[in-house]
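Asker:
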Amino acid sequence: MTSEASTAPVVKQVKNENLKKNRIQVSNTKKPLFFYVNLAKRYLQQNNEIELSALGMAITTVVTIAEILKNNGFAKEKSILTSTVGMKDEAKGRIVHKARENFRWIKLPEPSSCPVIFRHGFCGYAAAEQFSDDEYECDYENHPASSSVVNIDEWKWKLSMMLRNDKDQEIVSRDKRDRRDFEQISRLAKHMGLYCELYGKVVVASKVPLPNYRPDLDDKRPQREVVIPLSLQRRVEGLLQEHLDRTLLNSEKADPNLSELDTKHYVENANTDENADSFLDASVMEKVLQRQGLRMRNMQRSWQESPEGKRMLDFRRSLPTFREKERLLQAIARNQVIVISGETGCGKTTQLPQYILESEVESGRGAFCNIICTQPRRISAMAVAERVSTERGEPLGETVGFKVRLEGKKSKNTHLLFCTSGILLRRLLSDHSLGDITHVFVDEIHERGMNEDFLLIVLKDLLPRRRDLRLILMSATLNADLFSDYFGGAPMIHIPGFTYPVTAHFLEDILEMTGYKLNSFNQIDDYGQEKMWKTQRQLAPRKRKNQITTLVEEALNKSNFENYSSAVVESLSCWAPDCVGFNFIEAVLCHICRKERPGAVLVFMTGWEDISCLRDQLKAHPLLGDPNRVLLLICHGSMATSEQRLIFEKSPPNVRKIVLATNMAEASITINDIVYVVDCGKAKETTYDALNNTPCLLPSWISQASARQCKGFDAQIDGRCFPTKFMVLANPERRGRAGRVQPGVCYHLYPRCVYEAFSEYQLPELLRTPLNSLCLQIKSLQVESTIDFLSAALQPPEPLAVRNAVEFLKMIGALDENENLTHLGKFLSVLPVDPKLGKMLVMGSIFSCFDPVLTIVAGLSVRDPFLLPQDKKDLAGSAKSRFSAKDYSDHMALVRAYEGWKDAEREGSAYEYCWRNFLSAQTLQAIHSLRKQFTYILKDAQLLDADESINNRLSHNQSLVRAVICSGLFPGIASVVHRETSMSFKTMDDGQVFLYANSVNARYQTIPYPWLVFGEKVKVNTVFIRDSTGVSDSILILFGGGIDCGGMAGNIKMLGGYIDFFMDPNLSECYVKLKEELEKLLQQKSPELQNTEGRDGIEMLFCLCCLLPIKQELQDPGLDINKEGKYLMLAVQELVSGDQCEGRFVFGRESKKPRESSDRERFTKDGTNPKSLLQTLLMRAGHSPPKYKTKHLKTNEFRALVEFKGMQFVGKPKRNKVLSEKDAAIEALAWLTQTSEDNHDEDNKSLPDVTDNMLKLLGKRRRSKRRPG
């Protein structure tokens, strides 16, 4: 032992105050072993644990030290640990084996207190010398073991210093060692409460959460060399100069006082009109309303006394709500706010508003009563209004009416209006106090939609100013406490419903009942040949946990299934929660058909793809696929209304109806003969990742509230039982589908313990969707801070989500830098469409290509009209590609599809046209309705001319239409980079993205455009972009948002520097000036609503929204930019149409070298051919002409090499041979004409006749010709 100790690594103290003192390192030194053993003894006297790091040296040395300590009694009370962090896997295995062998003698009296002999993953300290006695213990060449630990120690110090310094927010490292040790660094950062991410070759540690992608750290972010033909550039520059000259001339002639006088005249007229209106005699109006109230009372009594009215009253009295009628009316009269919760089936939505109206009518004040009842969905508002009008014996649109987007039935006699939450919000924009409204019902508040939460904030602020206003909140669930507390402890009333008993079976019960056994193979879902990859993916081991599997693991670990058979327990251990389980659903349906009583079955699935595949599998089953025994139907939102009606019809005798549905059946409809529900427990829910600014669509577990509502199937509207075939339910959720008109059974395909782990309620929409439109509406209320306003919500969204929305609105020009609404923003706030689509509408009207843009905006506002049947996907994709006509645009395909449908409709063949081209006639009809609405709004805003030909005189210019699409969809921009055999797409927020399979651009091998603009992206497993359109560099620069000049000539930056453009300096100046003039011209056309003393501009905005004619003022209402800015518009059209996308992407360039741009300008000036110039210079020097060699690259480009006098110069890749040879000649000329730095004159751009390198060539030539003597 003595001889070994003289040469072996030993123990050494680490002198670092920031590190724990009970750790020591082993080092290969020449000091005696006992010196360090005594040092270890001293530390063991003060600490209960000592860790020996064997990084980079022999494990036998550690064993020797441990044995000495053991012999001195330390192993009886202390723990000795070793580590092999950083070593190769083979070395680790041998050391573990050796450690166990040598430490076998360490035993303590109590087994439970035995020390940990070996701990994997410990970050120890570094050896002083990177050397090992055992060749297998470390890499002699790179010494990763000891190097890694040194690096970790450095990071400990760096992270500690960052935490102490308030100014430092992150550490950015490009060191190769940090990439190698990233896992250890990440664990260390997490332990210290920090965040760590690896971005390609860069390691970042930060105090704040880090996104998935950082464009500022991406060496391959989009950097583009822009090239356009020189002739095109000169034409554009000429037209631009002509525009500037004419603008200067016109400005000298303009009268600056004209617009001010016009404005003053308008204000005077407006005030005069308002004063005239104020003379209306209020007493006369009151007498008119009193007479109307008497007529309403007589009509009501007449209906109630009729035989049909009596039958309806008898039915209404049978509802649970009637028993609480007097109590409810008294509570509403005494309290300004009341919260009512009622079980599904109690009749709260149809009866409560009627009770108030009937009470007021009976007292003779019916004409003074105006009630608004909001519903979360348009279909609910329409159906409930129709039912209430029927109960009152009146036609729809008289006393009872409805108002939803694109549709409405109401009159001046309407006193009970059912509408969507958005309609009431629009009214609040104009009438902040709801002056003539007496009662507001907000139904289904438990759904927590974005509009509902926004509405509650506004109403809460309104109530102190309107003490006479009554607010009634209604919910179908028992979470009324939340809303009561929000309104300062408002009274709560619960209305019990009537339901039949519902039996709930969970997964363990179903397995016990059916005897079905789950294994790893029968849970694989068959998605067919077209989706074979999806089937095979289920066979691969799951490496990453998701929300579904994580919840299940935690729930199952806490559960005990001792009351169930061993077969059930074994099946539960094999259960795959992230699979849908087609085979298991098939077995459950067979059990219901064979052993349960008659009744229809409703199966909840996650999406259309799962429904289609399950339907195909069930059709192949001998029982479930037999049409004489089973009627198999589908319920999905993409289906036409006529097809959806089939699910409400009764099935033939002895035929069981099975309906496969998404959560649409949970949210909107009720089927009256459903007795059984099969609930998979999952739904595809849209969430919003604010950190990465990306919407996500992933399957997730439903809430407990949704699962509880799976009981109960009826023919009701929000629980009111009616003898009708087709009824709509506002929000009966899943278990609530059964047990309303007869006993029901619900089969939950997940264990009870998993159900108990569900969240109680669904996450509010305010927390899981982007807030762009909401923030724009909030700013239209003249709110100072959007974040402060939303902080008053029931559950405020995270500030980052609000900041993302505000930045987006600034980017599209709706807000200025001070977050105030611009003229464009005021107009966009009233358009019933997403802000970016509203901007596209405005731009389409300004640039006289309105019709195709109108179709695109309408199409993007509804469901995709292109259908993709599961069994005819290829045919449907080919049909869509035909509409694209190889112009690389989903949006243009939509335009052609709509125009073809209109032509077919005129010929009477619209149905055949839709069937042949896989189009939804219902969606196309919705697009047609939206087109009419948008056209009316823009005409009223004076953005459209009465002559349609003027609005569409440039609609034939597809490049200009692309430009308008770009202006609306920006900043949805993706770069298109061609690789050897594929294309890659990259965005600013997500980095690498992919195209949806149903996009026309996904069918192409190459796309000639360098950029794609898109309106929507969604993260499923990876990020996908939906409909897209290819655009050129010129379109993106001119129509894609703000640009900044880079730090050198010819450099333009966009999106905060994410996109870099490099070009000729003259061309960059042309782009910048052209964009400035274009923005000035657009400002003159921007809609601006006049604010006067007596009339709020917001009121006028609402009038516009309600399609009422209003008086508007544009900065120049009669301005025709194609006339006033004729030459500017010609320049824009010339540039966007003539750009042939001849540039290329470059990567990793901080700034373009000045010499390169200078050389290219010098050698191609005035059309000079660089090849001819190079040959001339060489001939002058007495050399032979240069030789060129050209290579065709895999990127379909050419690279040339020029050779002379034993020297070679290589040019950049170009699109053809001629350009590549010219570029190689420019490289050679740059060397030939390079002068010394002392003699170089930066201002002199002329080509020198004799330079330093030319003199060398000439000198060599002359010396070679000299002969002795």
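The opening residue of the sequence shown carries number 1 in the UniProt record's numbering; numbering runs sequentially from there.
Cβ atoms here follow ideal geometry from the backbone N, Cα and C, with glycine treated the same way.
Computed from a prediction, not measured in an experiment: that's the story for all the values here.
Let me know the secondary structure DSSP gives Phe808 once reduced to three states.
Answerer: Phe808: helix per DSSP, three-state reduction.
Asker: If you follow the beta strand (DSSP E) that Asn917 is in, where does it begin and where does it stop?
Answerer: Counting along the chain, Asn917 falls outside any beta strand (DSSP E), though it belongs to the alpha helix (DSSP H) covering Ala910 to Asn917.
Asker: Are the beta-carbon atoms belonging to Met1063 and Val226 less than 7 Å from one another?
Answerer: It is a contact, given that the beta carbons lie within the stated cut-off.
Asker: Along the chain, which unbroken stretches of the alpha helix (DSSP H) at least 4 residues long are found entirely within the region 568 to 607?
Answerer: If we require 4 residues or more, the alpha helix (DSSP H) runs fully inside the region 568 to 607 come out as 582 to 595.
Asker: State buried or exposed for Tyr911, treating a residue as buried only when at least 16 other CB atoms are found within 10 Å of its CB.
Answerer: Its Cβ having fewer than 16 others within 10 Å, Tyr911 is exposed.
Asker: Please tell me whether Leu771 and Ala805 are closer than 7 Å, where the distance is taken between their beta carbons.
Answerer: Yes.
Asker: Out of curiosity, what's the CA-to-CA distance linking Ser359 and Val384?
Answerer: Each residue's Cα considered, the two are about 20 Å apart.
Asker: Going by DSSP, name the residue or residues bridged to Gly744.
Answerer: Its beta-bridge partners are Val502.
Asker: Can you tell me whether Arg615 is helix, strand or coil according to DSSP?
Answerer: It is helical.
Asker: Just the Cα atoms here: how many angstroms apart are Arg1180 and Asn1216?
Answerer: Arg1180 and Asn1216: Cα-Cα distance of roughly 29 Å.
Asker: Below 8 Å on the Cβ atoms is my guess for Leu328 versus Leu357; work out the distance and round it to an integer in Å.
Answerer: Not quite, the Cβ-Cβ distance comes to about 13 Å (not below 8 Å), so this is no contact.
Asker: Just verifying my parser: in three-state terms, what is the DSSP assignment at Glu407?
Answerer: Three-state DSSP puts Glu407 in a strand.
Asker: Measure how close the beta-carbons of Thr321 and Ile495 come, nearest whole angstrom, since I'm counting them as under 8 Å.
Answerer: About 6 Å separates the two Cβ atoms, so the contact holds.
Asker: Check whether the region 889 to 906 touches the region 995 to 1004, counting contact only when three or more Cβ pairs, one atom from each stretch, lie closer than 8 Å.
Answerer: Yes: at least three Cβ pairs fall under 8 Å.
Asker: Tell me whether Phe521 sits in a helix, a strand or coil according to DSSP, three-state version.
Answerer: Residue state, collapsed to three classes: coil.
Asker: Helix, strand or coil for Gln922 per DSSP?
Answerer: It is helical.
Asker: Would you kindly work out how many angstroms separate the C-alpha atoms of Gln336 and Glu305, rounded to a whole number?
Answerer: Approximately 33 Å, taken between the alpha carbons.
Asker: Let me know if Ala1027 comes out buried or exposed under the rule of 16 or more other beta-carbons within 10 Å of its beta-carbon.
Answerer: Looking at the sequence shown, residue 1027 is not Ala but Asp. Counting Cβ neighbours within 10 Å, Asp1027 comes out buried, since at least 16 surround it.
Asker: If contacts are defined as beta-carbon pairs under 8 Å, then Phe855 and Leu894 qualify, I think. What distance do you get, rounded to the angstrom?
Answerer: The question names Phe, but residue 855 is Thr in the sequence shown. Rounded, the Cβ-Cβ distance is 7 Å, consistent with contact.
Asker: Counting pairs of Cβ atoms below 8 Å between the region 171 to 185 and the region 955 to 967, do you hit three or more?
Answerer: Result no; under three Cβ-Cβ pairs closer than 8 Å.
Asker: Going by the CB atoms, is the gap between Leu767 and Pro211 shorter than 7 Å?
Answerer: It is not a contact, given that the beta carbons lie outside the stated cut-off.
Asker: Does the count of Cβ pairs from the region 372 to 386 and the region 417 to 429 closer than 8 Å reach three?
Answerer: Yes, since at least three Cβ pairs between the region 372 to 386 and the region 417 to 429 fall closer than 8 Å, the two stretches touch.
Asker: Go ahead and pull the three-state DSSP assignment for Pro869.
Answerer: Three-state result, Pro869: coil.
Asker: By DSSP's criteria, Cys196 is part of a beta bridge. Which residues make up the other side?
Answerer: Paired residues: Ala205.
Asker: Any chance the CB of Pro320 is under 6 Å from a heavy atom of the ligand FMN?
Answerer: Annotation note on the ligand FMN: not contained in the displayed structure, which lists no ligands.
Asker: In angstroms, rounded to a whole number, what distance separates the CA positions of Leu463 and Val502?
Answerer: When rounded, the distance between both Cα atoms is 42 Å.
Asker: Mind checking Ser520: buried by the 16 CB within 10 Å criterion, or exposed?
Answerer: The residue in question, Ser520, is exposed, as its Cβ has fewer than 16 Cβ neighbours within 10 Å.
Asker: Below 8 Å on the Cβ atoms is my contact criterion, and I expect Leu416 with Thr399 to pass it. Report the Cβ-Cβ distance as a whole number of Å.
Answerer: Contact holds; Cβ gap of about 6 Å.
Asker: Go ahead and label Ala705 buried or exposed: buried means 16 or more other beta carbons lie within 10 angstroms of its beta carbon, across all protein chains shown.
Answerer: Classification of Ala705: buried, given that the 10 Å Cβ count is 16 or more.
Asker: Under 6 Å Cβ to Cβ from Leu831, same chain only, skipping five residues before and after it: list those, please.
Answerer: Excluding sequence neighbours, Leu831 sits near Gly838.
Asker: Select from Pro699, Leu518, Asn693 and Leu1219 the residue whose C-alpha is nearest the C-alpha of Phe604.
Answerer: Minimum Cα distance to Phe604 is reached at Pro699.
Asker: May I ask which residues mark the beginning and end of the beta strand (DSSP E) holding Ile338?
Answerer: Here the beta strand (DSSP E) through Ile338 covers Val337 to Gly342.
Asker: Is it true that the CB of Tyr213 sits closer than 7 Å to the CB of Gly991?
Answerer: Yes, the Cβ-Cβ distance between Gly991 and Tyr213 is below 7 Å.
Asker: For Cys635, which beta-bridge partners are listed by DSSP?
Answerer: Answer by DSSP bridge pairing, in chain order: Ala661.
Asker: Note down the Cα distance separating Thr1190 from Phe1198, rounded to an integer number of angstroms.
Answerer: Distance between the alpha carbons of Thr1190 and Phe1198: 7 Å.
Asker: For the alpha helix (DSSP H) containing Cys775, name the first residue and the last one.
Answerer: Residues Asn772 to Ser780.
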